[in-house]
Amino acid sequence: MEKTLSIIKPDGVGRGLIGEVLKRLEENSIKISAMKMLHLTKKQAEGFYAVHRERPFFNSLTDFMTSGPIVVMVLEGENVITDYRELMGATNFEEAAEGTIRKEFATSIEQNVVHGSDAPETAEFEIGYFFNSFEIIN
Ligand code: ATP
Ligand code: MG
Numbered sequence: 007m008e009k010t011l012s013i014i015k016p017d018g019v020g021r022g023l024i025g026e027v028l029k030r031l032e033e034n035s036i037k038i039s040a041m042k043m044l045h046l047t048k049k050q051a052e053g054f055y056a057v058h059r060e061r062p063f064f065n066s067l068t069d070f071m072t073s074g075p076i077v078v079m080v081l082e083g084e085n086v087i088t089d090y091r092e093l094m095g096a097t098n099f100e101e102a103a104e105g106t107i108r109k110e111f112a113t114s115i116e117q118n119v120v121h122g123s124d125a126p127e128t129a130e131f132e133i134g135y136f137f138n139s140f141e142i143i144n
């Protein structure tokens, strides 16, 4: 079984889209193995997005990610990394496929409602960033 980290970003929580995202996970039989709500500090957001440190949008992105509470989840399934990224849609919502979360709800390339790990190695880092082993259901 593969695992991935999902985040409902501050725009998604603030606009009342937690239920919408959870509904889509359940409809697609994606198992939720851990879940909690957090309000990140700037330092915590910078650590999470360290791979993007040199990008021009890094400061704005980490400001956005600390602008309100987020919901972090561990998702589990056979191909959950790819399956969940398909549900999310492309980073740029204008290029996202019809019916995806970002196509329907994102309002900008930055404010795109959800995050999902992009590979097994990043998933492992990202899950460990937010959860210890006692918090993940087996
Ligand atoms: P995520 O990592 O959040 O799941 P992603 O893998 O689709 O999204 P990344 O390239 O990892 O996209 O970018 C991380 C996040 O940074 C994006 O989800 C978005 O919020 C923001 N971002 C990406 N590109 C831009 C950009 N050109 N301008 C502003 N923000 C951006
Ligand atoms: Mg990414």
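Numbering-wise (the working numbering), the sequence shown opens with residue 7 and increments by one.
Positions of the beta carbon are idealized from the N, C-alpha and C atoms, including for glycine.
With DSSP as the reference, label residue i as helix, strand or coil.
{"i": "L23", "result": "coil"}
{"i": "E12", "result": "A small correction: the amino acid at residue 12 is Ser; Glu does not occupy that position in the sequence shown. In this structure, S12 counts as strand in the three-state DSSP scheme."}
{"i": "S165", "result": "In the structure displayed, the chain extends from 7 to 144; residue 165 sits before or after that span and is not available."}
{"i": "L81", "result": "strand"}
{"i": "H121", "result": "strand"}
{"i": "I143", "result": "coil"}
{"i": "L44", "result": "strand"}
{"i": "I76", "result": "strand"}
{"i": "G105", "result": "coil"}
{"i": "S114", "result": "coil"}
Closest to residue i by C-alpha separation, out of the options, would be which residue?
{"i": "E116", "options": "K15, I143, T10 and L11", "result": "K15"}
{"i": "A40", "options": "T10, D124 and E110", "result": "T10"}
{"i": "G22", "options": "Y55, L67 and G74", "result": "G74"}
{"i": "L46", "options": "E60, A56, E26 and T72", "result": "T72"}
If you measure between the beta carbons of residue i and residue j, is that distance less than 8 Å?
{"i": "M94", "j": "I76", "result": "no"}
{"i": "I13", "j": "V120", "result": "yes"}
{"i": "A125", "j": "N118", "result": "no"}
{"i": "I38", "j": "M7", "result": "no"}
Quick one: is residue i buried, meaning 16 or more other Cβ sit within 10 Å of its Cβ, or exposed?
{"i": "E132", "result": "buried"}
{"i": "I69", "result": "According to the sequence as given, residue 69 is Asp; it is not Ile. Burial call: exposed."}
{"i": "A129", "result": "buried"}
Mind the definition here: the stretch 43-63 touches the stretch 85-93 only if three or more C-beta pairs lie below 8 Å; say whether that holds.
Under the 8 Å Cβ criterion, the stretch 43-63 does not count as touching the stretch 85-93, having fewer than three qualifying pairs.
Three-pair Cβ contact test at 8 Å for the stretch 128-141 versus the stretch 24-36
With a cut-off of 8 Å, the stretch 24-36 and the stretch 128-141 do not count as touching, because too few Cβ pairs lie within range.
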